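What follows is one structure encoded as structure tokens, with my remarks underneath.
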Amino acid sequence: MKHSRSVIGRSRRRSRSRSHCWYRLPARIISLGAFRTFLIIATTITTSIIKTTATSSTMAHIECGVYLAPSSIPGAGLGMYVGNRTIQEGTAVTDEDILIPIIERTWHNEKHLTEKNFLWDEYIWNSNIFPFTEPEIGLDLLDDMQMVSPGVGSAANCYLTMVNVVDNDIKVSREGLLNDSPGQGAFSIYHGRSFRATNEMEPGQEIFVNYGEEYFGHREHIYGILPMQDDFDAADEILKIAQSLTIYNDGIVATAEDEDATDEDDETVREEVWDDLHSVIKDISNNPYTKPSRMLNAIPSDPSIAKEVLEDGGGGTAWQDHKRSIRALEWLEEHGQCADNIGVGKSTIPDAGRGAFATRFVPSGGLVSPAPLVHVGDLDTMAMFTEHVYNKKDKLVPNRSGAYTWQLMLNYCFAHEQSTLLLCPYGLLSSLINHSSGENANTRIQWSEKDRMRHPEWLENPIEAWAAEYHTGLQFDFVAKRDIEKGEELLIDYGPLWQDAWDTHVRAFRFDEYRFEQYLPSYELDELLLKEDNDLSFRLRTEDDRDYRLDGVQLYCRGWYLAKYGIEMQHWTRETPMCSIVRKLGKDSYLVRIIEWIDNSKDRRSDYYAYHQKSPIIRGLPRDAFFFEDLPYARDIHQEWAFRHPMMIPDDMFPKIWKNADNEPNGRTFLEFVKRALDDEEKDDEDEGEDDDDDDDEDEGEDDDDDDDENEEEEDNEDYQNDEEEDDDDDDDQSVRSKQR
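Numbered according to the numbering used here, the sequence shown spans residues 77 to 817.
This is the structure in structure tokens:
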């Protein structure tokens with residue numbers, strides 16, 4: 077368009093010059109001139125139209141706000157890029173993402189499963205960096221819970237010195253589901269994780285999140301010795317010294333004293349000296365006899381780049397790859413895929429919670445969302461045992477012959493009923509696409525084009541050949557089955573096996589048998605606490621009412637309120653002690669008993685917890701002094717009655733070579749733990765050391781004399797567990813102990 081306007085401008089200037097020298101012309105000349113003028117104008121208009129059409133066509137393809145494309149970091153796989161917009165500082169870069177907890181996976185798994193690579197370990201986040209997660213399994217076990225962030229948290233890479241987005245606060249809710257909804261516990265309560273720009277971001281700029289220095293420190297075998305911010309600062313100082321030698325040191329720049337030398341000669345020598353100094357520095361860093369140095373690794377390998385970053389506005393060595401991290405939109409359109417066709421909202425499907433909605437029109441056959449796949453070779457890795465017993469070493473271990481459920485992550489993965497394989501998609505909000513069977517589904521999955529997958533050959537190889545690979549290699553594309561309008565909910569068919577499982581779950585669901593009628597989780601109780609005290613819809617329970625702990629929640633008092641009443645908190649086990657309300661005194665005034673608990677978990681002959689002998693009573697605490705926390709393992713996602721089932725991959729797109737589990741001959745059902753495939757192999761693994769499986773009961777490195785001794789020890793362990801189960805007064809006591817372990 078700029079070219080067209082300039083042509084017209086030049087024509088006008090020529091016309092004005094001619095009018096300035098105006099004189100009469102013969103008619104024939106006038107006719108020829110008019111014809112030429114017509115051709116020029118016609119050509120100009122045609123060119124303008126063609127260019128306008130081409131530009132409009134290009135812009136139609138470049139409406140995308142976020143791209144998934146190969147990262148600018150070599151060997152990093154895919155990354156996320158800003159699309160055709162400039163993002164202002166503090167503005168959200170993406171829509172809200174969810175967080176899915178993975179809880180004590182290694183504790184629940186047997187040895188033959190924990191030894192296998194778990195690819196999600198490369199994508200998960202520590203749960204302790206997020207609020208509201210501590211009550212999930214308790215503070216003592218919080219390090220054993222990780223969070224999957226399947227959107228930006230998984231798709232975006234980290235370049236520590238060029239991090240350009242930061243988390244917004246997450247939210248916790250059941251998305252308005254009622255207690256009697258069969259969807260309770262079937263989806264994650266953690267949501268609202270979006271990222272906002274720390275500085276203005278330009279179109280085509282790669283999005284970098286902060287993994288933290290610790291992430292790379294523990295992965296030197298994968299990424300090498302990567303420099304941190306302090307190392308880049310030190311590298312800047314070294315390069316500045318080297319640069320000063322080439323400019324100011326007359327002894328080095330010898331031609332500066334040569335009267336016949338030109339400025340060009342001086343510059344040539346300076347460049348040579350700079351290159352030599354830079355080469356010496358890099359030779360030191362690459363010397364196999366030199367100890368690896370993060371600082372030396374921060375120095376750019378290209379001497380010209382090293383000079384650029386030292387210039388004003390260059391950003392230093394920390395920004396040496398900044399230019400490379402910005403891609404042209406045409407490049408992203410060719411090599412990437414649009415990733416922001418999905419927005420989040422409350423699903424129109426009953427009991428589904430949150431859902432995915434089209435942010436723009438998607439034509440039939442068009443891309444809804446790319447979805448790289450994290451593979452899990454054995455879905456038994458996702459099993460969680462709900463019954464726990466004490467073993468011979470007096471440790472609490474899973475009762476692997478008892479009841480079990482599955483990690484919530486199972487609901488967000490794809491599977492096939494004749495395979496042990498799980499394929500878990502990540503990408504911007506594709507995890508929120510809900511189910512609708514048959515013609516109601518407007519979206520489907522298909523394999524991505526082979527040139528978009530890192531390892532398309534896996535489609536032709538057995539699972540065992542590639543399941544241990546510690547990087548992704550496959551990808552689905554969610555595509556439109558028909559035209560999808562902006563704002564329409566995106567739905568796929570999870571398959572008849574999933575539908576049958578859901579129908580069975582709905583028929584059997586009896587929430588009144590699982591929970592107290594007035595049950596509310598802690599985060600909903602805390603919201604009610606913020607209401608006015610005269611709001612009769614919510615009343616705090618007193619000691620004469622039903623104990624909150626029977627519903628899986630505990631009332632606490634804020635320590636700084638107690639300090640006003642002269643209670644020294646440093647002598648207590650925590651600064652926010654448990655408490656109970658004796659009675660209400662008046663408007664927003666309560667008589668409160670402060671509870672100190674003694675941990676008797678090591679004494680199996682006593683109750684797990686006991687009251688402290690001194691429980692002070694405080695008069696006049698306001699409602700604002702209270703807050704709730706869920707007891708460990710009390711939230712809906714941990715319960716056996718919570719729905720669990722993966723989405724199913726259609727048989728016509730599932731490679732036959734991956735079908736390694738045949739259930740039908742033995743009458744087994746899909747998701748039957750352990751006894752589903754390769755029984756003999758798994759039995760061999762169990763025979764190698766049952767005690768080692770049970771939370772490393774035997775000391776590491778302790779060898780058995782022979783298999784007979786080991787089998788005898790296993791039998792003793794089993795007998796001991798059975799005796800302990802008989803000694804328990806009832807199952808409830810055992811359940812309480814296990815949840816509080």
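Heads up, the beta-carbon is just placed ideally off N, CA and C, and yes, glycines get one too. These numbers were taken from a predicted model, which means no experiment stands behind them.
I671 to I657 span [Cα, whole Å]:
11 Å
Take A168 and list the residues in its own chain whose beta-carbon comes closer than 6 Å to its own, dropping the five residues that flank it on each side.
S270 and R272
How long is the line joining the alpha carbons of K526 and N736, rounded to whole angstroms?
24 Å
Stretch pair the region 555-564 + the region 239-249: three plus CB contacts closer than 8 Å:
no
Around the Cβ of P150, are there at least 16 other Cβ atoms within 10 angstroms (buried) or fewer (exposed)?
exposed
Leaving out five residues on either side along the sequence, give the residues of the same chain with a beta carbon under 7 Å from the beta carbon of G153.
S147, R530, H547 and T548
Could you check where the beta strand (DSSP E) with T481 kicks off and where it finishes?
Y480 to W482
Buried versus exposed, by CB contacts within 10 Å (16 or more), T162:
exposed
Can you give the Cα-Cα distance for D326 and Y235, rounded to whole angstroms?
In this prediction, D326 scores a pLDDT of 46, lower than 50, which makes its location untrustworthy; the coordinate-derived value is nonetheless stated afterwards. Taking the straight line joining both Cα atoms gives about 39 Å.
A415 vs D553 beta-carbon contact at 9 Å:
no
Using DSSP with H/G/I as helix, E/B as strand and the rest coil, what is I521?
strand
Nearest candidate by alpha-carbon position, reference S691, set K663, P653, N255 and K732
P653
Can you look up I174 in the DSSP assignment and give me helix, strand or coil?
strand
Around the C-beta of S440, are 16 or more other C-beta atoms found within 10 angstroms, so that it is buried, or is it exposed?
exposed
Which residue comes first and which comes last in the alpha helix (DSSP H) that contains D602?
S598 to L605
Assuming P207 and I246 are in contact, meaning their beta carbons sit under 8 Å apart, how far apart are those beta carbons, in whole angstroms?
7 Å
When you compare only the Cα positions, how much space is there between I725 and S506?
16 Å
Short of 6 Å in beta carbon distance, which residues of its chain neighbour W717, apart from the five on each side in sequence? Order them along the chain.
Y590
Just to check my reading of the structure: I176 and M223 have Cβ atoms closer than 8 Å, yes? What is that Cβ distance to the nearest angstrom?
7 Å
Nearest to H411 by alpha carbon, out of L747, Y157, I713 and D728?
Y157
Out of curiosity, what's the CA-to-CA distance linking K815 and Q164?
Residue placement at K815 is flagged as unreliable, the pLDDT there being 30, under the threshold of 50; the coordinate-derived value follows with that caveat. Approximately 46 Å between the Cα atoms of the pair.
Buried versus exposed, by CB contacts within 10 Å (16 or more), P211
buried
In three-state terms, what does DSSP make of Q818?
A question about residue 818 goes unanswered here, because the residues of the chain that appear run from 77 up to 817.
Using the Cα positions of T462 and T481, report the straight-line distance between them to the nearest angstrom.
7 Å
Just how far apart, CA to CA, sit G288 and G442?
37 Å
Candidates N537, E619 and E409, of which the one nearest C140 by Cα:
E409
Tell me whether the beta-carbon of A145 lies closer than 9 Å to the beta-carbon of Q413.
yes
Separation of V248 from H267, as counted between CA atoms:
6 Å
Using a Cβ-Cβ cut-off of 6 Å (strictly less than) and excluding sequence neighbours within five positions of D220, which residues of its own chain qualify?
E180
At which residues does the beta strand (DSSP E) containing H184 begin and terminate?
It is not in any beta strand (DSSP E) - H184 instead sits in the alpha helix (DSSP H) that spans R181 to H184.
Please confirm if the region 691-703 is in contact with the region 599-606, defined as three or more CB-CB distances below 8 Å between the two stretches.
yes
Helix, strand or coil at W734 according to DSSP, with G and I counted as helix
helix
Is I539 closer than 9 Å to S512 when the C-beta atoms are compared?
no
Cβ distance (whole Å) where G214 is taken to contact P708 below 8 Å
4 Å
Evaluate A428 with the Cβ neighbour count: other Cβ atoms within 10 Å of its Cβ, from every protein chain shown; 16 or more gives buried, anything less gives exposed.
buried
Please look up how many angstroms separate the CB atoms of P258 and H581, rounded, as I've assumed it's under 8 Å.
6 Å
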